[in-house]
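Chains as they are written, first to last, in the UniProt record's numbering: chain A, 1 to 463; chain B, 1 to 463.
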């Protein structure tokens with residue numbers, strides 16, 4: 001059953017911004033601006049003790065001096081006032097009947113035991129009124145299906161099927177920027193900060209049944225209730241893949257993490273074992289995490305083990321083959337069946353897998369080969385590789401892939417790697433915008449496909 | 001001693017393009033265009049059997065019907081005519097006294113024993129006249145210090161200190177595009193194709209003493225004379241670092257490579273051992289190769305083992321620390337000396353290495369900390385990490401790094417990682433354009449720095 005308070009974090013009918021500001025540069029302004037400019041369609045009520053007018057583009061908001069003055073129900077109240085005013089504001093939100101409180105304000109548990117105590121009192125107050133708290137010490141929340149961007153991070157988040165949860169504020173905002181730059185589509189971004197109340201496990205449970213989320217990516221520094229988190233993660237993993245980045249693998253790294261987060265050092269092996277048991281896919285770097293997230297949040301599960309690699313360059317075909325073998329993927333090798341590809345290559349091509357359409361391969365070769373691979377019942381997953389040549393503009397290849405993959409109903413996993421210059425980069429962006437995982441290197445495409453296989457196999461084993 | 005014929009490949013005083021064309025879209029036009037537009041300052045003589053006029057921008061070239069008609073000495077003749085005309089053209093070049101012949105034309109050894117034989121005859125003819133052949137089956141040659149771009153690949157190669165050698169034509173052109181997109185500075189690009197005459201070893205020997213080249217990157221499919229290559233590589237490695245990408249590591253990959261190049265399968269372990277012995281740094285992917293090439297071609301060798309990591313985010317600091325420990329780098333840990341950094345951080349920062357300047361770190365914090373690290377005699381290498389925040393525009397950080405690193409005389413290795421969105425990408429590009437290796441992820445910066453350490457240690461051991 002979905003917790004209605006947590007649902008209000010993603011699908012609020014109305015939002016108050018307490019500590020909203022009329023001054024560009026202030027966080028209380030940035031949140032108003034993102035709410036308006038990202039196109040949130042519910043009601044927005046700025047609350048500002050001086051009752052200022054706030055202009056965003058050509059909209060003017062009259063602010064209320066207290067949330068209690070708002071003449072309407074409020075589902076979510078984003079709190080941006082200085083720490084010392086937060087307890088009173090939480091109390092007022094309770095009286096108003098708000099459901100959920102993302103508390104942006106910092107100056108609580110992260111400062112030490114004193115702040116921690118105040119934080120716990122906030123949670124007690126919230127629970128007394130049946131409210132939940134996200135944070136404090138966060139940058140906000142995004143939910144793209146509702147055009148909700150209640151953060152002071154970047155505005156133009158690309159909609160998609162990946163939910164991103166970040167414990168770190170600074171890194172979380174940086175990662176939002178990264179997803180925009182790299183065309184990673186997101187369903188949600190949640191900054192969980194001090195996790196005084198709502199934590200990773202609560203969010204996993206929400207995303208488990210959220211129809212707009214297909215995969216979850218967590219940047220984690222530490223867990224409070226490890227047992228609960230692992231139990232929930234194991235359950236959710238059976239339904240949707242979870243990728244985690246958790247730094248602190250090495251001895252020195254773990255020590256640095258301990259001094260940074262106050263969590264115990266030396267516990268990384270325990271995390272690692274627990275992640276494996278829960279079916280969590282651990283990514284070692286940010287890049288790897290998003291590489292995996294692209295396949296996991298966009299592609300269907302493979303119906304079998306047979307991978308076909310289509311390429312116009314022997315070299316990149318071999319690179320992909322190395323990566324496939326190293327990642328435990330099986331190259332389909334029924335030569336009778338692979339012979340179908342000989343129709344789409346010159347005589348000196350090779351239909352052995354990796355299928356080498358040769359450097360002469362143009363639009364028709366690729367189109368025919370991709371279609372054949374999509375149609376063949378024994379070819380379960382496809383990697384399309386392209387080394388930029390003068391024969392075929394990579395952007396045209398992108399269009400061919402998009403057209404054929406859509407026409408096929410996207411029933412099997414397909415990844416793309418295009419090596420080249422500016423046009424290759426544009427082609428990659430175009431594919432990713434369409435939710436077809438595309439990469440600038442063959443190995444990255446294959447490793448990301450392998451992550452999908454790994455999750456799919458784990459899920460099947462666990463049943 | 002430098003072979004004058006090979007020197008003519010990079011520093012020709014005059015160039016003939018035999019098979020030059022007036023038609024855009026033709027290779028014989030593309031080469032003329034690149035020569036002119038990249039700014040080659042020597043003389044260019046198009047040769048075309050019909051004697052056509054060739055217009056490039058507002059320059060008009062009258063072509064000669066034969067190289068023998070050119071009223072001047074010709075150092076290099078780029079040959080683009082169909083295979084069947086090549087033997088005669090080579091003969092004429094010999095009579096003309098040309099020094100070196102990049103043969104773009106394909107249709108020789110790559111087609112089988114028949115073509116191989118003709119190829120060998122071409123080499124015999126060339127040698128008879130004291131000429132050398134590059135290729136055939138190549139896309140040409142670039143040497144940026146002479147503004148020489150005699151390829152049909154992209155035009156705007158970014159000047160720098162890395163020499164790129166590619167056995168694959170298609171991949172080589174794609175990699176040229178990649179270096180432009182990713183701001184990797186090049187001294188040279190050489191397509192070696194069928195290697196009928198000039199091979200990797202010849203080129204390594206040239207680059208060993210080339211004052212414009214600081215590191216060499218080879219994309220290799222196979223070697224002909226393995227013993228000579230390894231001997232030369234070992235000698236050159238003592239002077240300049242060599243990075244090699246050679247696919248075919250896995251069993252299946254090696255088989256695919258064998259069917260693609262005709263080289264022996266299963267020999268990868270031998271290559272790997274030989275590379276290690278010769279001090280060659282093997283990169284497993286294209287991305288890794290260029291990551292390494294950035295540090296190796298731009299940075300001075302470290303004077304010692306002490307690495308200092310400066311960061312504004314605990315999380316990315318921990319990631320970098322993990323990567324450093326995994327790559328065998330030593331984090332400087334003299335707390336008395338590290339205390340200098342406490343001057344550049346708020347009270348809740350941490351001067352322990354990784355030095356956490358905190359999320360509040362602005363221009364002054366970074367400037368002070370970078371300066372202190374550059375000046376300190378016991379801090380031998382520096383990694384500057386930045387997680388994009390609203391406090392400091394990453395482009396401003398880039399400018400600070402460029403200014404301080406230049407002011408210090410670039411005497412110790414410094415790498416940068418900036419995690420974030422579009423502004424972060426711009427900052428990274430700006431740094432790379434200035435020859436300061438910058439990456440979008442902390443681990444990549446650290447691994448690339450580690451490649452420089454590895455090479456430097458190997459060199460020291462061998463003495």
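Backbone N, C-alpha and C fix where the C-beta goes; we use that ideal spot for every residue, glycine too.
Quiz item: Any C-beta of chain B sitting closer than 7 Å to the C-beta of residue 249(A)?
Solution: Chain B contact via Cβ: present.
Exercise. For the stretch 414-436 of chain B, enumerate the residues whose C-beta is nearer than 8 Å to any C-beta of chain A, in chain order.
Key: Along the stretch 414-436 of chain B, the positions whose C-beta sits under 8 Å from a C-beta of chain A are 419, 420, 421, 422, 423, 424 and 425, read in chain order.
Quiz item: Using the rule of at least 16 other Cβ atoms within 10 Å of the residue's Cβ for burial, across every protein chain shown, is residue 127(A) buried or exposed?
Solution: With fewer than 16 other Cβ atoms inside 10 Å of its own Cβ, residue 127(A) counts as exposed.
Exercise. Reducing DSSP to helix, strand and coil, say where residue 445(B) ends up.
Key: Three-state DSSP puts residue 445(B) in a helix.
Self-check item: residue 158(B) versus residue 179(B) - alpha carbon distance
Solution: If I take the Cα positions, the gap works out to 7 Å.
Self-check item: Ranges of the beta strand (DSSP E) found wholly within the stretch 356-421 of chain A, counting only runs of at least 3
Solution: DSSP runs (the beta strand (DSSP E)) wholly in the stretch 356-421 of chain A: 381-387 and 414-419.
Practice problem: Look at residue 376(B) and residue 412(B) and say whether their C-beta atoms are less than 7 Å apart. | Solution: For residue 376(B) and residue 412(B), no; Cβs fall outside 7 Å.
Quiz item: Which residue from 215(B), 81(B), 308(B) and 335(B) puts its Cα closest to that of residue 102(B)?
Solution: Closest by alpha carbon: 81(B).
Practice problem: Anything in the stretch 323-354 of chain A with a Cβ closer than 7 Å to a Cβ of chain B? List those residues in chain order, please. | Solution: Those residues of the stretch 323-354 of chain A that come within reach of chain B (Cβ to Cβ, closer than 7 Å) are 325, 326, 331, 350, 352 and 354.
Quiz item: Between residue 265(A) and chain B, is there a C-beta pair that is closer than 7 Å?
Solution: The predicted position of residue 265(A) is uncertain, since its pLDDT is 49 and thus under 50; no value can be drawn from it.
Exercise. Please confirm whether residue 16(A) and residue 32(A) have their CB atoms less than 7 Å apart.
Key: The Cβ atoms of residue 16(A) and residue 32(A) lie no closer than 7 Å to each other.
Quiz item: Which residues in chain A sit within 7 Å of residue 318(B), going by Cβ to Cβ distance?
Solution: Neighbours of residue 318(B) on chain A, chain order: 247, 248, 253, 256, 257 and 260.
Quiz item: Buried or exposed: where does residue 49(B) fall if 16 or more other Cβ atoms within 10 Å of its Cβ makes it buried?
Solution: Per the 10 Å Cβ criterion, exposed.
Self-check item: Which listed residue (378(B), 294(B), 197(B) and 35(B)) has its alpha carbon closest to that of residue 146(B)
Solution: Residue 146(B) has its Cα closest to that of 35(B), out of 378(B), 294(B), 197(B) and 35(B).
Quiz prompt | Residues near residue 382(A) in its chain [Cβ-Cβ closer than 6 Å; skip 5 each side] | solution = The answer, listed in chain order, is 308, 373 and 414.
Quiz prompt | Straight-line Cα distance separating residue 141(A) from residue 26(A) | solution = Straight-line spacing of the CA atoms in residue 26(A) and residue 141(A) works out to 17 Å.
Self-check item: Test: residue 394(A) CB closer than 7 Å to a CB of chain B
Solution: No, no contact with chain B.
Quiz item: At what residue ranges does the stretch 239-318 of chain A contain a whole run of the alpha helix (DSSP H), taking only runs of 4 or more?
Solution: Taken in chain order, the complete alpha helix (DSSP H) segments of 4 or more residues contained in the stretch 239-318 of chain A are 251-261, 268-277 and 286-298.
Quiz prompt | Cβ shell of residue 388(A) (< 8 Å), same chain only, five flanking positions each side left out | solution = Excluding residues up to 5 positions away in sequence, 394, 418, 419, 420, 421, 423 and 424 lie with their Cβ nearer than 8 Å to the Cβ of residue 388(A) in the same chain.
Quiz item: Are the stretch 314-329 of chain A and the stretch 397-406 of chain A in contact at 8 Å, needing three or more beta carbon pairs?
Solution: The stretch 314-329 of chain A is not in contact with the stretch 397-406 of chain A.
Quiz item: What do you get for residue 171(B), buried or exposed, if any count of 16 or more other CB atoms within 10 angstroms of its CB means buried?
Solution: Buried.
Exercise. Using a Cβ-Cβ cut-off of less than 8 Å, give me the residues of the stretch 302-313 of chain B that come near chain A, in sequence order.
Key: The stretch 302-313 of chain B vs chain A, Cβ under 8 Å: 312 and 313.
Quiz item: Roughly how many whole angstroms lie between the Cα atoms of residue 525(A) and residue 304(A)?
Solution: There is simply no residue 525(A) to check, as chain A begins at 1 and stops at 463 in what is shown.
Exercise. In the DSSP assignment, find the alpha helix (DSSP H) that holds residue 126(B) and state where it starts and stops.
Key: Run containing residue 126(B): 113-128, per the alpha helix (DSSP H) assignment.
Quiz item: Rounded to a whole number of angstroms, what is the C-alpha to C-alpha distance between residue 361(A) and residue 343(A)?
Solution: Rounded to whole angstroms, residue 361(A) to residue 343(A) spans 12 Å at the Cα level.
Quiz item: So, is the C-beta of residue 181(B) closer than 7 Å to a C-beta in chain A?
Solution: Output row for residue 181(B): interface = yes.
Quiz item: Whose Cβ in chain B lies nearer than 9 Å to the Cβ of residue 286(A)?
Solution: Chain-ordered, the chain B residues with CB closer than 9 Å to the CB of residue 286(A) read 316, 319, 419, 440, 441, 442 and 443.
Quiz item: Ends of the alpha helix (DSSP H) at residue 143(B)?
Solution: Here residue 143(B) belongs to no alpha helix (DSSP H); instead the beta strand (DSSP E) covers 140-143.
Quiz item: Can you find at least 3 beta carbon pairs, one from the stretch 311-321 of chain B and one from the stretch 440-453 of chain B, that sit closer than 8 Å?
Solution: Contact between the stretch 311-321 of chain B and the stretch 440-453 of chain B is present: three or more C-beta pairs spanning the two stretches fall below 8 Å.
Self-check item: Neighbour flag for residue 154(A) against chain B, beta carbons, 7 Å
Solution: So, interface residue.
Quiz item: Does any C-beta atom of chain A lie closer than 7 Å to the C-beta of residue 171(B)?
Solution: With 7 Å as the cut-off, residue 171(B) counts as an interface residue toward chain A.
Quiz item: What are the boundary residues of the beta strand (DSSP E) that includes residue 162(A)?
Solution: Residue range 159-166 is occupied by the beta strand (DSSP E) that includes residue 162(A).
Quiz item: Which residues in chain B sit within 8 Å of residue 389(A), going by Cβ to Cβ distance?
Solution: Residues of chain B passing the Cβ test: 170, 173 and 174.
Self-check item: residue 190(B) and residue 290(B) closer than 7 Å at C-beta
Solution: A distance of 7 Å or more separates the beta carbons of residue 190(B) and residue 290(B).
Quiz item: So which of 155(B), 217(B), 333(B) and 57(B) has the shortest CA-CA distance to residue 280(B)?
Solution: When the alpha-carbon of residue 280(B) is set against those of 155(B), 217(B), 333(B) and 57(B), the nearest one is in 217(B).
Quiz item: Would a C-beta distance cut-off of 7 Å place residue 254(B) and residue 272(B) closer than the cut-off?
Solution: Taking 7 Å as the Cβ cut-off, residue 254(B) and residue 272(B) do not qualify as a contacting pair.
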